[in-house]
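In this note's numbering, the protein residues as written are 96 to 538. For each residue, glycine too, the CB sits at the ideal point set by N, CA and C. One structure is given below, encoded as structure tokens.
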Amino acid sequence: MAKIQTPQPVRGTQDIFGEDQERFQHVVETFEFVRRLYGFKGVQMPVFEPTAVFARSLGETTDVVSKEMYSFEDRGGDSLTLRPEFTAGISRAFLTNGWQQHAPMKLSTHGPLFRYERPQKGRYRQFHQLDAEIIGAGEAAADVELLCFADQLLNELGISDGVTLQLNTLGDAESRDAWRDALVDHFRAHKADLSKDSQDRLERNPLRILDSKERQDRPIADSAPEIDAYLSDEAQEFFAQVTEGLDACGVAWTRNSRLVRGLDYYRHTAFEFVTDRLGAQGTVLAGGRYDGLIESLGGPATPAVGWAAGIERLGMLLDDVAPEPLELAVVPMGDAATTKALSVANELRNFDFSSEIFGSGKFKKRMARSNQAGALAAIIIGEDELASGKVQFKNLATGEQSELTMDEVIEQARELQLAKVFDDADSNSERLDSAIEALGDLD
Ligand code: ATP
Ligand code: MG
Numbered sequence: 096m097a098k099i100q101t102p103q104p105v106r107g108t109q110d111i112f113g114e115d116q117e118r119f120q121h122v123v124e125t126f127e128f129v130r131r132l133y134g135f136k137g138v139q140m141p142v143f144e145p146t147a148v149f150a151r152s153l154g155e156t157t158d159v160v161s162k163e164m165y166s167f168e169d170r171g172g173d174s175l176t177l178r179p180e181f182t183a184g185i186s187r188a189f190l191t192n193g194w195q196q197h198a199p200m201k202l203s204t205h206g207p208l209f210r211y212e213r214p215q216k217g218r219y220r221q222f223h224q225l226d227a228e229i230i231g232a233g234e235a236a237a238d239v240e241l242l243c244f245a246d247q248l249l250n251e252l253g254i255s256d257g258v259t260l261q262l263n264t265l266g267d268a269e270s271r272d273a274w275r276d277a278l279v280d281h282f283r284a285h286k287a288d289l290s291k292d293s294q295d296r297l298e299r300n301p302l303r304i305l306d307s308k309e310r311q312d313r314p315i316a317d318s319a320p321e322i323d324a325y326l327s328d329e330a331q332e333f334f335a336q337v338t339e340g341l342d343a344c345g346v347a348w349t350r351n352s353r354l355v356r357g358l359d360y361y362r363h364t365a366f367e368f369v370t371d372r373l374g375a376q377g378t379v380l381a382g383g384r385y386d387g388l389i390e391s392l393g394g395p396a397t398p399a400v401g402w403a404a405g406i407e408r409l410g411m412l413l414d415d416v417a418p419e420p421l422e423l424a425v426v427p428m429g430d431a432a433t434t435k436a437l438s439v440a441n442e443l444r445n446f447d448f449s450s451e452i453f454g455s456g457k458f459k460k461r462m463a464r465s466n467q468a469g470a471l472a473a474i475i476i477g478e479d480e481l482a483s484g485k486v487q488f489k490n491l492a493t494g495e496q497s498e499l500t501m502d503e504v505i506e507q508a509r510e511l512q513l514a515k516v517f518d519d520a521d522s523n524s525e526r527l528d529s530a531i532e533a534l535g536d537l538d
């Protein structure tokens, strides 16, 4: 018989497991924690949308729409696209569900996105983002709140060292158009020296030349006119409000007057949190104000601002992440004890202890595995224990062992669990101190 070829994974996809999965999960859980602090409501979005959702809102000339989308015709003949980003789909949902009545809406989500890119470290064809949006808020306060959210997320993840917030304004439509004309004049004068891609962009999307990664484009992009000379009074005032808000909240930022966003619908605030620790894939979180997007989907003029962050890139920046340790190991000795172990483990889980059965290999091996899993105690069940109705309870930190009824096991395990909570709190004394201070404020 011919050997059957095992199908290979799709290029640019990852099977996330082990330590990478710990990192991934830690990023998502921290995001869920922080978004609640800021009152963002979670939302789940379809993974595919009609192609028009992205083509219209992102603009036909962006890299994402022109080169990176996974679009296909379904069996009914409709053109669908796997979402390359969240914002357009959320804006579509805002319109088709009549969410205008709830505006301003603070929404957050996370999940997989798809872009046909050249895979490399930190750049995949299926990747994952955290996403936060405020729809229906035109004030600079919304931009500030979102940036504080992003800043706190990076702090909570412990990765804010070496990450800088780069901030720019793209002005209102009038400022942006005037700047665009000046950029086109500048780039036309240097057209012959631009890369082939940038020569194309010159006609279609000249702002994109500013963040070209081609070396030959850099001197021309770096000497291009800055937006400041073209900003209307209103646009200047708006930007001043954003920077004053950030200063008031203690969020550090630097101005990058050449920062643009790849997508066409951005106005006013544009920002990126950038690190030098990930090589060319240094942008971990990026966003801005997209006041023009909802109109481009046929809705009423609706101001909005948002950001997205790459989960994989954030995960790569994390220090070592330890897997959540197991609480109780159950170690049966002999066949009869194996069934008993199932019911013991089940009872422990019903009392909210994490527990696992270590039922294969020699006794020593079983105990070693229990230790490796980080268990606080092992519950050992042998022939004698089956007869007496009691089990051996071994504290794995001290080695102490005693024969206990299940009620006593629960009691002892609860004590160990509590002691561990206090231990963890101790080693995190800063948090404990501030909690005690807060308690003091209460009386
Ligand atoms: P880049 O310039 O790196 O291509 P972008 O402007 O296309 O980024 P956005 O659309 O702003 O990126 O996406 C927000 C964030 O999502 C990025 O800052 C990055 O962290 C992450 N991201 C974007 N594309 C990918 C990808 N292909 N693989 C992994 N992460 C990605
Ligand atoms: Mg990109």
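Could you say which of the options lies nearest to residue i if we only look at CA atoms?
{"i": "isoleucine 230", "options": "Leu373, Trp402 and Gly107", "result": "Trp402"}
{"i": "glutamate 168", "options": "Pro395, Ala147 and His285", "result": "Ala147"}
{"i": "isoleucine 474", "options": "Phe126, Gln221, Glu422 and Val123", "result": "Glu422"}
{"i": "glycine 253", "options": "Leu413, Glu498, Ile111 and Leu471", "result": "Leu413"}
{"i": "aspartate 256", "options": "Asp502, Ala235, Val346 and Asp342", "result": "Val346"}
{"i": "proline 228", "options": "Ala399, Asp342, Ile315 and Leu177", "result": "It should be noted that the sequence gives glutamate, not proline, for residue 228. The candidate whose alpha carbon is nearest that of glutamate 228 is Ala399."}
{"i": "arginine 178", "options": "Met164, Gly477, Gly171 and Ala343", "result": "Met164"}
{"i": "leucine 511", "options": "Leu491, Ser529, Gly410 and Gln120", "result": "Leu491"}
{"i": "threonine 199", "options": "Lys435, Glu532, Lys136 and Met462", "result": "Residue identity differs from the one stated: residue 199 is proline in this sequence, not threonine. Considering only alpha carbons, the answer is Lys136."}
{"i": "threonine 349", "options": "Val355, Phe366 and Ser186", "result": "Phe366"}
{"i": "glycine 113", "options": "Val123, Ser166, Arg218 and Val416", "result": "Val416"}
{"i": "arginine 220", "options": "Arg362, Asp110, Ser391 and Ser455", "result": "Asp110"}
{"i": "aspartate 288", "options": "Trp274, Arg310 and Arg271", "result": "Arg310"}
{"i": "alanine 424", "options": "Leu392, Gly535, Thr397 and Ala463", "result": "Ala463"}
{"i": "proline 207", "options": "Arg271, Pro141, Asp158 and Gln196", "result": "Pro141"}
{"i": "asparagine 351", "options": "Ala343, Asp317, Asp342 and Gly340", "result": "Asp317"}
{"i": "leucine 392", "options": "Ser522, Ser483 and Thr191", "result": "Thr191"}
Are residue i and residue j close, meaning C-beta to C-beta below 8 Å?
{"i": "serine 203", "j": "leucine 388", "result": "no"}
{"i": "isoleucine 322", "j": "threonine 264", "result": "yes"}
{"i": "arginine 94", "j": "glutamine 376", "result": "Residue 94 lies beyond the range of the chain shown here (96 to 538); nothing can be said about it."}
{"i": "serine 290", "j": "aspartate 267", "result": "no"}
{"i": "threonine 182", "j": "tyrosine 385", "result": "yes"}
{"i": "threonine 125", "j": "leucine 248", "result": "yes"}
{"i": "isoleucine 406", "j": "leucine 225", "result": "yes"}
{"i": "leucine 260", "j": "phenylalanine 368", "result": "yes"}
{"i": "proline 214", "j": "glycine 107", "result": "yes"}
{"i": "lysine 515", "j": "leucine 443", "result": "no"}
{"i": "valine 160", "j": "phenylalanine 149", "result": "yes"}
{"i": "valine 129", "j": "phenylalanine 244", "result": "yes"}
{"i": "valine 337", "j": "aspartate 246", "result": "no"}
{"i": "glycine 374", "j": "lysine 489", "result": "no"}
{"i": "valine 486", "j": "glutamate 480", "result": "yes"}
{"i": "glycine 410", "j": "phenylalanine 209", "result": "no"}
{"i": "glycine 469", "j": "proline 395", "result": "no"}
{"i": "arginine 187", "j": "glutamate 127", "result": "no"}
{"i": "isoleucine 315", "j": "histidine 363", "result": "no"}
{"i": "phenylalanine 539", "j": "alanine 235", "result": "In the structure displayed, the chain extends from 96 to 538; residue 539 sits before or after that span and is not available."}
{"i": "alanine 508", "j": "phenylalanine 448", "result": "yes"}
{"i": "arginine 299", "j": "threonine 176", "result": "no"}
What does a CB cutoff of less than 6 Å around residue i pick up in its chain, not counting 5 residues either side in sequence?
{"i": "proline 418", "result": "Glu117"}
{"i": "arginine 356", "result": "Ala365 and Gly383"}
{"i": "glutamate 269", "result": "Ser327"}
{"i": "threonine 500", "result": "Lys485"}
Who are the near neighbours of residue i in its chain, counting only those whose CB is closer than 8 Å to its CB and skipping five residues on each side?
{"i": "leucine 278", "result": "Pro301, Leu302, Ile304, Leu305, Ala319 and Pro320"}
{"i": "glycine 134", "result": "Lys201"}
{"i": "leucine 437", "result": "Ile452"}
{"i": "alanine 432", "result": "Ile476, Gly477, Glu478, Glu480 and Leu481"}
{"i": "glycine 429", "result": "Gly477 and Glu478"}
{"i": "glutamate 532", "result": "none"}
Just grab the DSSP bridge partners of residue i for me.
{"i": "serine 497", "result": "Phe488"}
{"i": "glutamate 228", "result": "Leu202 and Gly401"}
{"i": "phenylalanine 368", "result": "Leu260 and Leu380"}
{"i": "glutamine 109", "result": "Per DSSP, none; premise fails for glutamine 109."}
{"i": "isoleucine 476", "result": "Pro427"}
{"i": "glycine 137", "result": "Ser203"}
{"i": "threonine 176", "result": "Glu144 and Ser166"}
{"i": "arginine 509", "result": "Answer by DSSP bridge pairing: none, since arginine 509 is not bridged."}
{"i": "phenylalanine 119", "result": "Looking at the DSSP assignment, phenylalanine 119 forms no beta bridge with any residue, so it has no partner."}
{"i": "glutamate 451", "result": "Ala424"}
{"i": "leucine 208", "result": "Phe222"}
{"i": "threonine 349", "result": "Gln261"}
Which residues in the same chain have their Cβ closer than 7 Å to the Cβ of residue i, if we skip the five residues on either side of it in sequence?
{"i": "alanine 404", "result": "Gln224, Leu225, Val379 and Leu380"}
{"i": "valine 504", "result": "Ile474, Val486 and Phe488"}
{"i": "glutamine 294", "result": "Lys286"}
Counting only C-beta atoms, is residue i closer than 8 Å to chain D at any point?
{"i": "glutamate 144", "result": "No chain D is present in this structure, which holds just one protein chain."}
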